[in-house]
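A.B. asks:
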Amino acid sequence: MTPLIWAGIFVVLGIVVLSKTVITVRQGFAYTVERFGRYVTTFQPGFHLMIPFIFAVGRKINMMEQVLNVPSQEVISKDNAVLTVDGVVFYQVLDAAKAAYEVNNLEYAVLNLTMTNIRTVLGSMDLDESLSKRDAINHRLLSVVDEATTPWGVKVTRIEIKDISPQKDMVQSMARQMKAEREKRATILEAEGVKQAAILEADGEKQAAILEAEGRQEAAYRDAEARERLAQAEAKATQMVSDAIAAGDVQAVNYFVAQKYVEALKSFATSPNQKTLLLPMEATAVLGSLAGIGEIAKETFSKDS
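Per my numbering, residue 230 is the first one in the sequence shown, and the count goes up by one each step.
Set out below in structure tokens:
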């Protein structure tokens, strides 16, 4: 071989040795280092040197948070409803050595573990719970999957169920059920309204009857009081006339005659069957009686004064 060929060979060997000696780890990654195939240490981001052919880079692990899409799968709920479910998983490698040597194909393992636990969690819930308790499902999945992946040096930060879709016939059945439930609530509310209106109306009638009875009671009390005062007035007038008669006053007799005369005329005038009233008597007699009443009144007032 010519010296030129040997020089080329040495240059190539030098480049190979240099590439295996100088290791640059990018940010967000970690490299495992093996000595004759056995794990020794982990290179963090930065510049590193190692002895070639004795030490070698084993695995290049992504230490950044990663996202896995969980494909759609059919799940049978506790009440035998078929659901189509998909989701997404967020995870991050915390220990590069465990992620490299504790499990083969880390992404595939996390994905299948998540899908299995989705079937387990949703299979323990009925249809209504599966559709309404999304947060509870996510929390249970996160707790189980994170605990299972801890030996792999992985931290599962979040699991989200993206979609839970019942079959079409189940959706139609649910729509009919919801419609019937709404109609039922509307009927109940309407009946409650009618009941409340009837109660309020009965209460109003009760209050009106109470007020009316109280009004009648008050009116009767006032009528009785008025009759009592009238009776007292009549008794006082009778006593006064009696005293006048006892004293020999003729005008008192005229007072009684005039009073009865006026009452009799009033009865005739207010009679419903009486249309014409004939008075075959002298008007002066009536005037005389009235004059007697006036004289008695004058005498009474003069005595009081």
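Virtual Cβ for every residue (Gly too), placed ideally from N, Cα, C.
#1: Run through the DSSP bridge pairs and tell me what Ala285 is partnered with.
#2: When you compare each of Val339, Gly316 and Ala453 to Arg363 by their alpha carbons, which one comes out closest?
#3: How should Val296 be labelled, buried or exposed, when 16 other C-beta atoms within 10 angstroms of its C-beta is the threshold for buried?
#4: Are there 16 or more other CB atoms within 10 angstroms of the CB of Ser306, so buried, or fewer, so exposed?
#5: Pick helix, strand or coil for Lys307, following the three-state DSSP scheme.
#6: Pick out whichever of Gly237, Met344 and Glu376 has its Cα sitting closest to the Cα of Pro300.
#7: Where does Val374 sit, in a helix, a strand or coil, going by DSSP?
#8: Check the C-beta distance from Ile388 over to Asn367 and give it rounded, since I have them as a contact under 8 Å.
#9: Would you call the segment 316-330 and the segment 396-416 touching, i.e. three or more CB-CB distances under 8 Å?
#10: Is the beta carbon of Arg264 sitting closer than 8 Å to the one on Ala329?
#11: Less than 8 Å between the CB atoms is what I'm expecting for Ile244 and Val286, so what's the real figure, rounded?
#12: Which residues does DSSP pair with Lys384 in a beta bridge?
#13: Let me know the secondary structure DSSP gives Asp398 once reduced to three states.
#14: Taking buried to mean at least 16 other C-beta atoms within 10 Å of its own C-beta, is Thr349 buried or exposed?
C.D. replies: Taking the coordinates as given:
#1: Within the DSSP bridge table, the entry for Ala285 names Glu263 as partners.
#2: When C-alpha distances from Arg363 are compared across Val339, Gly316 and Ala453, the shortest belongs to Gly316.
#3: exposed
#4: It counts as buried.
#5: Looking at Lys307 - three-state DSSP - the assignment turns out to be coil, as it is neither helix nor strand.
#6: Met344
#7: helix
#8: 6 Å
#9: Contact fails between the segment 316-330 and the segment 396-416, because fewer than three Cβ pairs, one in each stretch, are under 8 Å apart.
#10: no
#11: Actually they do not touch by this definition, with Cβ atoms about 17 Å apart.
#12: Paired residues: Gln321.
#13: It is helical.
#14: exposed
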